[in-house]
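Numbering (the numbering used here), first residue to last: -6 to 81.
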């Protein structure tokens, strides 16, 4: 197993940890316990990791952060959406 493959596997497993939360938010539409600042920081950080991965042409960095970016953006957008609708 190459070091890059090990990095991709570790990164994808870690990144997939956001998928159950995204699924739960989509299914229940409940977001009152989700930290908006945490997801803002995480999403922004992951965005910069994607840029970094592109710049250094590192597939492990790029793939793992793309996998992370999608559910974190979904969680952040739905959290903001459901809280706005709840308060109106």
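Glycine is no exception: its CB is placed at the ideal position from the N, C-alpha and C atoms.
- Where do the ends of the alpha helix (DSSP H) carrying residue 35 lie? 29 to 49
- Using CA coordinates, which residue listed in 42, 50, 25 is at the minimum distance from residue 78? 25
- Query: Going by Cα to Cα distance, which pick from 60, 30, 28 is closest to residue 42?
  - Reply: 60
- Task: Identify whether residue 23 lies in helix, strand or coil by the three-state DSSP scheme.
- Result: coil
- Message: Which of the three DSSP states is assigned to residue 10 in this structure?
- Response: coil
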